[in-house]
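Line by line, the protein sequences give chains A and B. Numbering that gives the first Met the number 0 applies: residue 0 is where the first sequence begins, and numbers increase by one. Numbering that gives the first Met the number 0 applies: residue 0 is where the second sequence begins, and numbers increase by one. For glycine and all other residues, C-beta sits at the position ideal for the given N, C-alpha and C. It should be emphasised that the depicted structure is a prediction, and the values quoted were computed from it without experimental measurement. Taking it in order: structure first as structure tokens, then the write-up.
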Amino acid sequence: MAGIAETRTDQVLQQAPGGEYFPPLGPLARRLERPEVLGFLLVAPALILLIILLGYPFVQAIWLTMLDKHVGSESIFIGFGNYIELWDDPVYRWTIMNTMIFTVISVIAKIVLGLTGALILNQAFRMKNFFRGFILLPWIIPSILSALVWLWMYDDTFGVISRSLIAFGIIEEKILWLSSWGTALTSIIIVNVWRTTPFFIVSLLAALQTVPKDQYEAADMDGAGYLAQFWHVTLPNIKHVLIIITLFGTIWTMSDFNIIFVLTQGGPANTTHVFSTLAYQLAFGAGKLGQGIAVSFTMFPLLFAIIFFRLYRMRKEQS
Amino acid sequence: MIGRKCLTAFLLAIFAISLTVSFVFADPLRVTVRAVPVTAAQTYLKTIPARFKKATGIDLKIEFIPSRELRRRLITAAETKAGPDALMVVYNGAITVKDSLEPLDDVMSDLAPKHGGFYDLYKDGGFIDGKWLAAPFMTTSQVMTYRKDLLKKIGENPPDTWEDALRIGKKLKAAKLAPWAESLGSHVIDPSTTVNSILWGYGSRQISKDGKKITLDSEGTRAGLRFIKKAYKEAWPKAVIQWKILENNQTFLAGKTGMTINSPSIWWKASTKKKWKTLYENTGFTLIPKGPGGRHSTAIPQYLVVFKYSKKKKEAKEFIKFMAKEEIQLEFSRKSWMWTPTYKGLGAKLPQNEYYKVMTDQANYAHVPGWPGPPSRAGAEAHERFVLVSMAQRYVQGQQTVDETIKQAVKELQKIYNIK
């Protein structure tokens with residue numbers, strides 16, 4: 000470096016703190032030196048991609064909800080007309096309630112079962128690794144296939160569930176699982192929980208394995224029982240993973256389509272629709288694209304609030 | 000200099016090859032149709048491109064998709080203006096995307112007068128706003144399928160009226176034989192056929208002929224709904240409330256249903272395995288029963304539509320003409336077991352057995368959901384959103400009285416049709 004400094008006599012060389020010399024910065028380079036500029040430039044490609052891949056469709060979707068848009072036809076701007084019309088529709092109001100019930104019960108069940116499953120699989124026992132892999136099966140199988148299998152299981156003539164319950168003397172008459180709102184929604188929740196719980200188990204299992212053993216030993220020495228250890232050691236350590244998977248679980252559950260579509264198609268009497276199936280019925284069945292997207296879009300403020308609240312809390316705790 | 004010559008020759012060669020390739024492998028006419036479960040019919044459809052090429056010189060590529068995908072493909076193609084040049088649609092699919100479809104009146108003026116004309120039901124889903132937007136292709140009739148041996152056991156003939164059907168159903172149930180069962184779950188095909196056929200048969204109509212008045216609140220609707228509830232309580236298995244489209248096929252083949260309305264797919268399926276030989280021999284067809292308001296049913300009419308965005312409209316229209324040819328219609332009908340020709344006059348040229356006779360006769364009584372109103376998006380929406388099926392479900396399950404359920408359905412129809 001010293002050599003370079005000597006040969007470039009026409010430039011005023013500057014000396015870095017380490018003693019090295021370098022030429023003075025041009026205006027562009029000086030701007031790039033500022034962290035907020037360089038940082039923005041480095042993030043820019045990803046940001047542009049996000050805007051193209053997420054932002055544009057998102058804004059386009061919002062715009063479509065403001066249109067009286069029929070498939071393949073010219074559209075008319077109607078502002079919030081689609082939302083007003085939807086609010087006037089009893090099926091839509093029923094759908095909001097179904098989606099809430101479906102999501103809340105499913106997510107709670109998945110957390111409880113996921114945590115229980117993870118705690119069990121975190122113990123040392125024979126064929127532990129086999130079971131850890133095996134438990135993932137419902138999650139791996141395409142949801143359309145598992146929904147079809149459950150449809151068969153719920154069937155009154157050939158279904159294994161009713162027949163087994165009768166064989167064991169638990170019930171006397173076949174249960175028509177998909178015949179009324181209550182049993183149909185319960186059946187849908189069961190399938191959703193069965194399918195997604197493995198994800199909760201595996202994620203929580205991974206989190207459990209990062210909990211330092213010495214914390215348990217310390218708690219043990221302090222005389223903490225199993226429950227106290229779980230409450231004061233395990234839970235705080237896996238809290239962040241729990242929050243994240245609850246967040247994902249909520250989003251996935253709320254937007255589930257295949258299970259409900261295969262099992263009930265929103266029936267009987269349109270009482271088991273969730274946002275996604277009603278949106279499909281309106282957009283692909285009736286050809287009302289604007290209104291169908293408006294149904295899907297109803298999920299957004301709710302999901303946004305949940306995500307914002309969760310992440311805000313997490314960030315606050317971390318700081 | 001040599002280098003420049005070489006380069007010129009090379010570029011010319013590339014140009015010539017590209018020209019040849021684009022000529023030889025010119026974009027074919029692309030048509031999407033549903034895959035046919037009957038192997039012989041599917042194999043026959045696969046021979047169509049070669050036959051079409053021979054007859055017209057036009058390259059054709061047929062894409063087969065599952066029938067449940069047809070509507071999704073229709074909506075996507077219409078909205079994105081990309082996809083096949085022509086597509087098969089069922090029921091009232093063409094109405095939903097009417098602004099994206101090429102009028103086919105020129106083709107239809109050639110085809111319509113032939114062989115005694117088309118069945119009336121094709122107008123319900125194809126003749127839209129005074130134009131043919133969907134050309135008839137074939138129809139799958141819904142017929143009453145019954146077990147001959149079981150009816151013989153209870154000393155009954157196939158039903159001619161809904162009351163006959165109920166009597167037979169009650170007898171089958173009393174004798175602990177495979178019962179009469181009709182799908183009443185949420186689906187656009189079988190449950191819609193059950194509800195529409197009965198309601199129409201009892202004189203119920205959802206809308207007036209001119210499409211200006213909701214006419215569902217009528218004595219015909221009350222009588223039809225009461226009949227459905229009676230049949231549900233006294234003859235049908237309780238599970239039919241959750242049956243969509245497969246269950247009646249499966250239970251019939253398993254010997255657990257003795258009589259049901261369905262497309263002839265049960266009959267065809269029974270022919271495919273040795274274990275169903277007796278069942279196959281004992282399966283009979285009869286017309287969907289009539290009620291005090293006459294004999295009516297839905298069918299599954301299939302059409303071909305041409306998209307406005309297509310650059311091969313002329314070729315697509317040639318394809319429609321080709322598929323309407325007598326030999327194609329008859330051959331495909333024979334091979335498919337469940338598709339019947341579009342023309343009234345061709346039925347007599349099919350095998351003269353009870354099956355084909357019932358299938359072709361039934362098409363005379365068939366309508367597309369939304370009938371008797373003119374084809375409209377509202378009619379299609381009411382069908383897709385299960386307005387009538389839900390009305391029946393609520394009443395049958397005792398959630399609402401007959402008047403309450405009609406009132407709710409009327410309100411839904413008023414909103415859909417935008418009629419006060």
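Hey, residue i and residue j are a contact pair by Cβ (cut 8 Å); roughly how many whole angstroms apart?
i      : j      : result
B/I227 : B/A391 : 5 Å
A/S179 : A/P267 : 7 Å
B/A365 : B/T297 : 6 Å
B/G290 : B/G372 : About 20 Å; that fails the 8 Å criterion.
A/G324 : A/D67  : Summary: the structure shown does not reach residue 324 of chain A, with chain A confined to residues 0 through 318, and so no result is reported for it.
A/I330 : A/G265 : Past the edges of chain A, shown from 0 to 318, lies residue 330 of chain A, and the structure says nothing about it.
B/D109 : B/K320 : 7 Å
B/T138 : B/T341 : 7 Å
Does DSSP put residue i in a helix, in a strand, or in coil?
i      : result
B/Q301 : strand
B/D105 : helix
A/I3   : In this predicted model, A/I3 has a pLDDT of only 46, less than 50, meaning its place in the structure is not dependable enough to derive any value.
B/A365 : strand
A/L281 : helix
B/V239 : helix
B/Y342 : strand
B/R146 : strand
B/D98  : helix
A/D88  : coil
B/S140 : strand
A/F308 : helix
B/F284 : strand
B/V88  : strand
A/L66  : strand
B/W267 : helix
A/F157 : coil
A/P300 : helix
A/F199 : helix
A/F167 : coil
B/P135 : strand
B/F117 : strand
A/T8   : Residue placement at A/T8 is flagged as unreliable, the pLDDT there being 48, under the threshold of 50; the coordinate-derived value follows with that caveat. Of the three classes helix, strand and coil, the one that applies to A/T8 here is coil, per DSSP.
B/S332 : helix
A/R314 : helix
A/S179 : coil
Taking residue i as the reference, which of the options has the closest Cα?
i      : options                        : result
B/W370 : B/T404, B/K414, B/A230, B/I213 : B/I213
A/T263 : A/G168, A/L277, A/Y215         : A/L277
B/T79  : B/I13, B/P112, B/Y308          : B/Y308
A/S72  : A/Q290, A/I306, A/L302, A/G286 : A/G286
B/L215 : B/L6, B/K147, B/A8, B/L412     : B/L412
B/G293 : B/D98, B/L198, B/A230, B/D189  : B/L198
A/F274 : A/L53, A/T94, A/G38            : A/T94
B/Q396 : B/G184, B/L150, B/A381         : B/G184
B/G168 : B/A111, B/S335, B/Y231         : B/Y231
B/S455 : B/E325, B/F251, B/K152, B/T46  : Shown here, chain B extends from 0 to 419; a query on residue 455 of chain B therefore has no answer.
A/A123 : A/M298, A/E171, A/Q208, A/I244 : A/Q208
B/R67  : B/M143, B/Y90, B/R225          : B/Y90
B/I405 : B/A253, B/N417, B/G92, B/V388  : B/V388
A/Y153 : A/L24, A/A304, A/A183          : A/A183
B/V142 : B/D402, B/R376, B/M358, B/V367 : B/M358
A/V111 : A/Y91, A/P197, A/A282          : A/P197
B/P263 : B/S140, B/F136, B/L149         : B/S140
B/T31  : B/P65, B/T7, B/Y43             : B/P65
A/T156 : B/D98, B/G254, B/S217          : B/G254
B/A408 : B/V305, B/Y121, B/R221         : B/R221
List the residues that DSSP assigns as beta-bridge partners of residue i.
i      : result
B/E62  : B/T31
A/F76  : A/L66
B/K172 : In the DSSP output, where bridge partners are listed per residue, B/K172 has none listed.
B/G293 : B/G290
A/K287 : A/H69
B/F306 : B/L100
B/I127 : B/K130
B/T160 : B/K289
Contained alpha helix (DSSP H) runs [length at least 4] in the segment 373 to 401 of chain B, N- to C-terminal order
376 to 383, 386 to 395
As an exercise, report each continuous alpha helix (DSSP H) stretch of at least 4 residues that is fully enclosed by the segment 177 to 263 of chain B, in chain order.
189 to 200, 218 to 233, 246 to 252
Tell me the start and end of each unbroken alpha helix (DSSP H) in the segment 91 to 146 of chain A that is at least 4 residues and wholly inside, in chain order.
127 to 133, 136 to 139
Closer than 7 Å, Cβ to Cβ, to anything on chain E: give me those residues from the segment 171 to 185 of chain A, in chain order.
The structure shown has no chain E; the protein chains it does contain are A and B.
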